[in-house]
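**Student:** To get my numbering, take the position in the sequence shown, counting from 1, and add 363.
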Amino acid sequence: MKLCNCRLDELQNQIKEQRVIVFGVGKYFELDMKKILPEEILRAIVYAVDNGQNHSKLQILDEAVPVYQPMKLLEEKKCVILLASSLHLYEMYQQLQDMNLGEDILCYAFPLILANSIGKTDAKIEKYMKTTENSPQIERKIHSFWFSGEKKPDAYQKCIDSWKQLCPDYKIHEWNMGNYDYTKNPFMQKAIQEKKWAFASDYARLDVIYHYGGIYLDMDMELLRPINGLLGCDAFFVFDTQNDIDLAAFAAKPGNILIRKLMNLYENVEFSVDLMSQFCQPRYIRSALKDFGVELNGSMQMIEHMVFLPKHYFMPQNSILDQSSELPEETLAIHRHNGGWLGTDYRARKMTDSEKLWDLLEE
Numbered sequence: 364m365k366l367c368n369c370r371l372d373e374l375q376n377q378i379k380e381q382r383v384i385v386f387g388v389g390k391y392f393e394l395d396m397k398k399i400l401p402e403e404i405l406r407a408i409v410y411a412v413d414n415g416q417n418h419s420k421l422q423i424l425d426e427a428v429p430v431y432q433p434m435k436l437l438e439e440k441k442c443v444i445l446l447a448s449s450l451h452l453y454e455m456y457q458q459l460q461d462m463n464l465g466e467d468i469l470c471y472a473f474p475l476i477l478a479n480s481i482g483k484t485d486a487k488i489e490k491y492m493k494t495t496e497n498s499p500q501i502e503r504k505i506h507s508f509w510f511s512g513e514k515k516p517d518a519y520q521k522c523i524d525s526w527k528q529l530c531p532d533y534k535i536h537e538w539n540m541g542n543y544d545y546t547k548n549p550f551m552q553k554a555i556q557e558k559k560w561a562f563a564s565d566y567a568r569l570d571v572i573y574h575y576g577g578i579y580l581d582m583d584m585e586l587l588r589p590i591n592g593l594l595g596c597d598a599f600f601v602f603d604t605q606n607d608i609d610l611a612a613f614a615a616k617p618g619n620i621l622i623r624k625l626m627n628l629y630e631n632v633e634f635s636v637d638l639m640s641q642f643c644q645p646r647y648i649r650s651a652l653k654d655f656g657v658e659l660n661g662s663m664q665m666i667e668h669m670v671f672l673p674k675h676y677f678m679p680q681n682s683i684l685d686q687s688s689e690l691p692e693e694t695l696a697i698h699r700h701n702g703g704w705l706g707t708d709y710r711a712r713k714m715t716d717s718e719k720l721w722d723l724l725e726e
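1. Touching or not, the stretch 454–471 and the stretch 646–655, by the rule of three or more beta carbon pairs under 8 Å?
2. Please report how far the alpha carbon of Asn548 lies from the alpha carbon of Asp597, in whole angstroms.
3. Any idea if Glu466 is buried or exposed, counting beta-carbon neighbours within 10 angstroms, 16 or more meaning buried?
4. Where do the N-terminal and C-terminal ends of the alpha helix (DSSP H) with His574 fall, by residue?
5. Report yes or no: do three or more beta-carbon pairs, one from the stretch 417–437 and one from the stretch 447–454, lie closer than 8 Å?
6. Could you name each continuous alpha helix (DSSP H) segment of 4 residues or more that falls completely within the stretch 538–562, going from the start of the chain to the end?
7. How do the stretch 665–675 and the stretch 482–494 stand: do at least 3 beta-carbon pairs fall below 8 Å, yes or no?
8. Report the residue ranges of all alpha helix (DSSP H) runs contained in full by the stretch 618–701; include only those spanning at least 4 residues, in chain order.
9. Under 8 Å between the Cβ atoms of Ile408 and Val383?
10. Assign Gly661 to buried or exposed, taking buried as 16 or more other Cβ atoms, counted over all protein chains shown, within 10 Å of its Cβ.
11. Going by the DSSP bridge assignment, what does Leu586 pair with across the sheet?
12. Rounded to whole angstroms, what is the Cα-Cα separation between His698 and Tyr566?
13. With distance defined between alpha-carbon atoms, name the residue in Arg623, Tyr575, Gln552 and Phe677 nearest to Ile608.
14. Taking the beta carbon of Leu724 as the centre, do at least 16 other beta carbons fall within 10 Å, making it buried, or is it exposed?
15. Closest to Arg568 by C-alpha separation, out of Asn591, Phe600, Gly595 and Glu557, would be which residue?
16. Take every Cβ of the stretch 512–530, pair it with every Cβ of the stretch 581–590, and state whether three or more of those distances are shorter than 8 Å.
17. Helix, strand or coil: how does DSSP classify Leu610 here?
18. So for Ala486, helix, strand or coil by DSSP?
19. At the level of alpha carbons, what is the spacing between Lys504 and Ser525?
20. Might you give, ordered along the chain, the residues of its own chain that have their beta carbon closer than 8 Å to the beta carbon of Asn497, omitting 5 neighbours on each side?
21. Along the chain, where does the alpha helix (DSSP H) containing Ser511 start, and where does it finish?
22. Kindly indicate which three-state DSSP category Lys534 falls into: helix, strand or coil?
23. Run through the stretch 431–493 for me and flag every whole alpha helix (DSSP H) of 4 or more residues, listed as ranges in chain order.
24. Return yes when the C-beta of Pro589 is under 7 Å from any heavy atom of the ligand GTP, and no when it is not.
25. Checking the sheet assignment: what are the DSSP bridge partners for Gln422?
26. At the level of alpha carbons, what is the spacing between Asp722 and Leu374?
27. Which same chain residues, not among the five before or five after Thr484, have their C-beta less than 8 Å away from its C-beta?
28. Count the other C-beta atoms from every protein chain shown that fall within 10 angstroms of the C-beta of Lys559, then say buried if there are 16 or more, exposed otherwise.
29. Quick one: complete beta strand (DSSP E) runs, 3+ long, within the stretch 367–423?
30. Quick check on the DSSP output: the alpha helix (DSSP H) that includes Asp524 runs from which residue to which?
31. Helix, strand or coil for Asp603? Go by DSSP, reduced to three states.
32. Taking C-alpha atoms, which residue in Phe550, Val443 and Pro691 lies nearest to Glu380?
33. For His574, count neighbouring Cβ atoms within 10 angstroms of its own Cβ and tell me buried if that reaches 16, exposed if not.
34. Examine chain D for any beta-carbon lying closer than 8 Å to the beta-carbon of Met455, and answer yes or no.
35. Hey, out of Asp461, Ala554 and Asp637, whose CA is closest to Met364's CA?
36. Could you tell me which of Tyr431, Asp570 and Glu403 sits nearest to Lys616, measuring between CA atoms?
Below you can see the structure in the form of structure tokens.
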């Protein structure tokens, strides 16, 4: 078996006319892969394997494909296996290796495909940002949230200090339960009650930018350069992976229409700890962004003077691998990816697991 990797937009050509088998039928496949993979690849899936399920069915588009134990793969001579998990990737790969599968079987880990997929820039949009730099539309103020009331980690304070150093003339608004009305939205209020601070701020960040305008930054967003050059746009948003916008950093004038649409996603919806994976914000806002006309391909684009930036502007540190490649000159910040809603042990295991498999690809 050969371990492979490529960009998402290259995957279809690399596995053309091959039988595709999914290893893993959990939440990651349901909530991410089914929504991101091109239809042609989804239709090429002949069956799935999973350590926890057997003789069940997996609904893919209009087909119900069978699910078997991994030993089913011993019958295969030539196929493509897609590892479908955000965790356990290295263990899954080692399990397949121990089966001594044939050399004509290719194995791809879907999270590493996303990690390898970087969007493109656009010279016309870059020129627009340059020409509007001296006519700012977005006010020089930074909003952030700290609902827990606990002492901030030193790493967070380092990030906040970078804002003050590189944006000395910006007002910094730190919102908390004492100066922000978290009861205005039931989803946010329930998240506060459950002490799921990140989910509470998912609505709150949209709310303050919609009403007051300015820039929102997560407290684990470290600035490397001034961000004045982006303020001539009516709004800016940033990709994290090829298919997801991450609202760890965004900005807009007050009353932005897209932010209003994203806020509406949290109306008449109750937060539930059991549904945290579903409510993960980059995943939760995908459909609304697509409906607005955003192409979820990681590339620079502009809609109604709102700019959508490739990940290297603010998110060069990969959320899957926790690694940074060489930073291009356009990089303004690094999102340190605290991912507080996941839990420390989960984050550490996820990073270590993914890095082990990535290292095998680089050998």
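By construction, the Cβ of each residue, glycine as well, lies at the ideal position given by its N, Cα and C atoms.
As the structure is a prediction and not an experimental result, all values here were calculated from the model.
**Tutor:** In terms of the structure at hand:
1. Taking 8 Å as the limit for Cβ pairs, the verdict is that the stretch 646–655 does not touch the stretch 454–471.
2. C-alpha separation (whole angstroms): 26 Å.
3. That one is exposed.
4. Element bounds for His574: Trp560 to Tyr575.
5. Here the stretch 417–437 makes no contact with the stretch 447–454; the two share fewer than three CB pairs at distances below 8 Å.
6. Here the runs fully enclosed are 549–556.
7. Note that the stretch 665–675 touches the stretch 482–494; at least 3 beta-carbon pairs, one per stretch, sit closer than 8 Å.
8. Taken in chain order, the complete alpha helix (DSSP H) segments of 4 residues or longer contained in the stretch 618–701 are 620–627, 639–642, 644–647 and 649–655.
9. It is a contact, given that the beta carbons lie within the stated cut-off.
10. The residue in question, Gly661, is buried, as its Cβ has 16 or more Cβ neighbours within 10 Å.
11. The partner list for Leu586 (beta bridge, DSSP) reads Ala696.
12. In this structure, the straight-line span from the alpha carbon of His698 to that of Tyr566 is close to 19 Å.
13. Ranking Arg623, Tyr575, Gln552 and Phe677 by Cα distance to Ile608 puts Phe677 first.
14. Burial state of Leu724 is exposed, judged by a 10 Å Cβ sphere holding fewer than 16 other Cβ atoms.
15. Nearest of Asn591, Phe600, Gly595 and Glu557 to Arg568, Cα basis: Phe600.
16. Yes, since at least three Cβ pairs between the stretch 512–530 and the stretch 581–590 fall closer than 8 Å, the two stretches touch.
17. DSSP places Leu610 in coil when its eight states are reduced to three.
18. Three-state DSSP puts Ala486 in a helix.
19. Rounded to whole angstroms, Lys504 to Ser525 spans 14 Å at the Cα level.
20. Closer than 8 Å at the Cβ level, and outside the excluded window around Asn497, lie Gly595.
21. No alpha helix (DSSP H) contains Ser511, which DSSP labels as neither H nor E.
22. Three-state result, Lys534: strand.
23. Complete alpha helix (DSSP H) runs here, min 4: 452–461 and 473–478.
24. This structure lacks the ligand GTP; in fact it carries no ligand of any kind.
25. Partner(s): Ala427.
26. Roughly 20 Å separates the two Cα atoms.
27. Same-chain partners within the cutoff: Ser662, Met663, Pro673 and Glu693.
28. When all chains shown are included, Lys559 counts as buried.
29. Entirely contained in the stretch 367–423, the beta strand (DSSP E) runs reaching 3 residues are, in chain order, 383–386, 408–412 and 419–423.
30. Boundaries of the alpha helix (DSSP H) around Asp524: Asp517 to Leu529.
31. Looking at Asp603 - three-state DSSP - the assignment turns out to be strand.
32. Comparing Cα positions, the closest option is Val443.
33. Residue burial is scored here from C-beta neighbours: His574 has fewer than 16 other C-beta atoms within 10 angstroms and is therefore classed as exposed.
34. Of the chains in the structure shown, none is chain D; there is only one protein chain.
35. That would be Asp461, whose Cα lies nearest to the Cα of Met364.
36. For Lys616, the nearest C-alpha among the options comes from Asp570.
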